[in-house]
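Under this note's numbering, the residues of the sequence shown are numbered 47 to 926, in order.
The beta carbon of each residue, even a glycine, is placed where N, CA and C say it ideally should be.
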Amino acid sequence: MTLELVSLCSDILYSVLTGAIEDMGVQAFGELKQKKTEQKIANDLKGKIKSRFEEEKVKEHIDSLESEIRQSGFIFSQEDKEVFLKNFFDKNPELKYTHSRAVEEVITKCIDEINRWGSSKLGPGGTVTAALIKRDGQRHEDNIIREVREQRRSIDGIRELLEEKRAEDNGKEEKKAEYFEKIQNLYRIQNYLIRRRGKAFFAEQRSGIIRSRALVLPVYSEEGELSIKDLGEMLEVLNGEEETYQYIHIVTSAAAGSEYKTLLSAYKNKLEFFDERDIISGIMDFTGYLNDMINRYRSSNLYSHYIDVFDKNTGGTMEDSVRDFLADKEYNAFLILGDYGCGKTSFLLNLSWKLAEEFCREESSYIPVFIPLKEYAKAVNLENLFLDLFVNKMHMPNVSIEAFKIMLKYMKFVLLFDGFDEAAKRVNYDVKFEILNQICRFCNENTKIVITCRPNYFQEKREYKRLIQNAHLQFEPDTVNPAVFCETYIADFSPAQVHAYLSSYGAELERKGLGVGEMENFIENTHDLTDLSRRPFLLYIIIQILPQILSAENKKNLTINAASLYKNYTDIWLDRENSKGKTLIRKEDKLHFCKHIAFKMFRENNLSIHFSQMPSEIKGYFKDLHQMDEIDYFSHDIQSCSFMNSEGDGNFKFIHKSFMEYFAACYIADKLWEEGDLGEAAMEVLSVRDISREIALFVNDILSIDSVRYQKVLGILKRQAVCQDDNVMQNVVTLLSKMEQNMAENIKDGGNYTQGDFSHSIITRRTIRNVDFTGATFYNAQLMEVRFVNCCLDQVNFQNAYLDKVDFSRQSMSCADMSYAEIENCVFSDSSFTDADISHAYLYGNNFEHCDMSGIRAEKTRYRKNYNYDSAIGVPFEMV
């Protein structure tokens, strides 16, 4: 037989096999199905050949081959069969490994059928031209291959579904195992002796000769109610247990219907159903604590006057940001930054109250725990702080830190740490590391932490990230710190918030003869008062003092700053106490003692003083007191009539940290004024470690009230700006930078200002050479026409600063923080700006030629007309 005819018939066979392959890919070839498939193929083959043989244009070709067909009696020889099979499996390798034997049988029968038809029915007018058949055959061959591959994908899809089902079953088994372990741990932490028994365990308690034992069946279900299968497994365990026990505890994650309890009625005298919350409340019941938190808040001033604070980053409320954080699976720690008086503590108290109410109403699964970190010093560590909270404030019996850690693992908590800056009051890396390390050890999958802090406490923008996110846990060097932090800032009050806050005091203001509108107008038209009113605590003081100090003759000439607000507030308070006639200590003496004790607290890093120390402090200050009864009386008078209070634990502190800072600033200002030649008294205040930004701002306000005093102290500080004593030099720089003077003349070339505080400073028209500013703070500073030459600006904080025509060429600025800054016409050519932060900043007309900006953060940064990006490295996509 000619190869042309064999090829023709092979192409026909390929086209006919198209439908057959689909059946082979999805059917099991049992005897009956195989016969049906073969019959279908035979019928298709007959019809296909018949239709093609009847075409007029193939008659001549068939005539030329008729005699040869009749002589041989077949088209495919045995050799042709083998060649066809080999070629077929080479072209369809998928079928070589699936159903190859069945495919071979079908093909062989088809070939035999073609041979039979070829010898009996081929004749004039009965076939098609080889060219036409070959063309059609190629098309059908491609269709066969495509369909086979589609069937293969279907089979693979079925396999994937089976694998997913298997993985799902494995996942359920893992969850069951985790649930079993969880319930075991919850019993174990209650001092039960645990012994496993297959799908259950025995929990035994012993007290002297008394012994009780419960058979505990943890039943995990992802459904809302227990199933019949769950019931069957319970009965299997109960019926198979031969040991004696007094109780049966079925602890389930799903609801148990009454019908199931009926079916288990044989065990009704022993049987009890529990859910996780029942078991956990047996360990530590937070109900009393949460109810107390709710009642305290409702009886507080905040309940009537709290105004929502806003997130500076998102523009929405801070509460929305925290709730988004609680729902976010990526982060488990949230740092909220804000200056003093901006409402950090009030926000956490308000949030605690809302979460407590939601938990008690079963609308939220988070238990809020409020922890004031100002108590950290007396607690030594956080574990003691928690124990004090549980035992003395929550009155929980038999509490242990181990039990609390188990609770943190299995229940949802949000731990609200208020005032991180108050726990570690001085800038000390080791202290901060230790405190942050302790805080982060409470993080896990279910527990989230929120921390409030003043922004300038972290002098390096990324210091807390290095401390928290990149550090290994102390004493656990192989365990990576679990905390993943996000951060934000509390925004200042907007005019609408100021109006809402004033309106909440409307009735009180009316009683004092001052309307809300009149109050708003006076605030808007008084120098500095608008800015001061944007902080809730200072706005509260304004509300308390303005009605009493506003008279017709002094409204226009009234000078107000933060210090004058505190002075007026304290004067009014002390005058009120004196009017009661219950004190023998003069107002002036009480004020001086407050200054003395505030400076002592600041110098010794304490925010409180125990009542037992008060007599010795009074005796040391009031030299003319000798009799103990006089000292005791004065001690009681100070404690009951000043700006210090106690929460009942014997520790007295100022009613707000800012009062301690104000009185400490008064002490420093007095000492500087007393000794113009910088004698012993003045050096006492300048040689302390790290006068804070807040205290320095108060000092500036106090001095600015008297221009003569201001100028004299300013001259003293300028002369000491180059002092060789590091503490004195740093404190002088901190104080001068807040006094609205050009600091250009007070920065010494070649000086070391590592971690120096230049916040709120003004520096203009100066070339600064060879100065180490590593970690220095220029928060809210103004730098104009300044050139840095051979300086180190690594980790410098320019946050919220205004920078105009500052030349940073060829400077090292790694990890510099310029977030929220306004940066105009500055030069960053050839500088190393790696891992810096310009988030939320505004950049206009700056030169970045050959600047290395690798790893820079630039979220929500605004750009306009900056240039020379093409030669810079690591430029953020948004910048270009």
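query: For the beta strand (DSSP E) holding Asp850, just list the boundary residues, first then last.; result: 848–850
query: Quick check on the burial criterion: 16 or more other C-beta atoms within 10 angstroms. Buried or exposed for His441?; result: exposed
query: CB Glu250 to CB Ser258, shorter than 9 Å?; result: yes
query: Between which two residues does the beta strand (DSSP E) harbouring Tyr890 extend?; result: 888–890
query: Going by DSSP, which residues form a beta bridge with Ala246?; result: Arg243
query: Rounded to the nearest angstrom, what separates Phe824 and Lys451 at their Cα positions?; result: 41 Å
query: For Ala608, count neighbouring C-beta atoms within 10 Å of its own C-beta (all shown protein chains included) and say buried if the count is 16 or more, exposed if not.; result: buried
query: Specify whether the region 858–869 and the region 888–901 touch according to this definition: at least 3 beta carbon pairs, one from each stretch, less than 8 Å apart.; result: yes
query: Based on Cα-Cα distance, which residue from Leu482, Lys455, Tyr456 lies nearest to Phe466?; result: Leu482
query: Terminal residues of the continuous beta strand (DSSP E) containing Ala742?; result: Premise fails: Ala742 lies in the alpha helix (DSSP H), 739–750, not in any beta strand (DSSP E).
query: At a cut of 8 Å, does the region 731–743 reach the region 771–781 through at least three beta carbon pairs?; result: yes
query: Just tell me which of Met280, Gln801, Phe568 has its CA closest to the CA of Tyr266.; result: Met280
query: Assign Thr290 to buried or exposed, taking buried as 16 or more other Cβ atoms, counted over all protein chains shown, within 10 Å of its Cβ.; result: exposed
query: Distance check for Met453 and Gln484, CA to CA, integer angstroms please.; result: 17 Å
query: So what does DSSP say about Arg252, is it helix, strand or coil?; result: strand
query: Would you verify that the beta carbon of Ile701 is, or is not, closer than 9 Å to some beta carbon of chain C?; result: Among the chains in the structure shown there is no chain C, since it carries only a single protein chain.
query: Run through DSSP, which three-state label would Asp617 get?; result: helix
query: Identify, in the order they occur along the chain, each residue of the same chain with its Cβ nearer than 8 Å to the Cβ of Ser346, setting aside the five sequence neighbours on each side.; result: Leu395
query: Taking the continuous alpha helix (DSSP H) assigned at Met364, which residues delimit it?; result: 364–373
query: Applying the criterion that 16 or more other CB atoms from any shown protein chain within 10 Å of the CB defines a buried residue, is Pro582 buried or exposed?; result: buried
query: Output the distance between the C-alpha atoms of Lys911 and Ala715, rounded to the nearest integer angstrom.; result: 46 Å
query: Do the region 352–362 and the region 412–420 touch if we need at least three Cβ pairs shorter than 8 Å?; result: no
query: Check whether the Cβ atoms of Leu560 and Ile606 lie closer than 9 Å to each other.; result: no
query: Report the three-state DSSP secondary structure of Ala608 (helix, strand or coil).; result: helix
query: Can you check which of these residues, Lys455, Thr154, Asn788, Asn138, is closest to Glu125 by C-alpha distance?; result: Thr154
query: Ordered along the chain, which non-local residues of its own chain (more than five positions away) have a Cβ less than 8 Å from that of Lys784?; result: Arg739, Ala742, Leu743, Val745, Asn746, Ser805, His806, Ser807
query: Would you grab the beta carbon distance between Cys837 and Ile809 for me? Rounded to a whole angstrom, and I think it's under 8 Å.; result: Cys837 to Ile809, Cβ: 13 Å. No contact.
query: Which stretch, first to last residue, makes up the alpha helix (DSSP H) that contains Ala644?; result: 633–649
query: Determine whether the beta carbon atoms of Ala862 and Gln841 lie at a separation below 9 Å.; result: yes
query: Can you list, in chain order, the residues of its chain with a C-beta nearer than 7 Å to that of Asp883? Leave out the 5 residues immediately preceding and following it.; result: Lys507, Asp863, Met864, Ser865, Arg903
query: Which residue marks the beginning of the beta strand (DSSP E) containing Val754, and which one marks its end?; result: Not the beta strand (DSSP E): Val754 falls in the alpha helix (DSSP H), residues 753–765.
query: Opposite Arg815 in the DSSP bridges: which residues?; result: Val835
query: Relative to the alpha-carbon of Arg833, which residue among Gly821, Ala847, Gly797, Cys872 has its alpha-carbon at the smallest distance?; result: Cys872
query: Pull up the distance between the alpha-carbon of Asp916 and that of Ser877, whole angstroms please.; result: 15 Å
query: Taking buried to mean at least 16 other C-beta atoms within 10 Å of its own C-beta, is Pro541 buried or exposed?; result: exposed
query: Please report the distance separating the alpha-carbon of Pro748 from that of Tyr756.; result: It is worth fixing the name first, because residue 748 is Ile in this sequence and not Pro. Distance between the alpha carbons of Ile748 and Tyr756: 9 Å.
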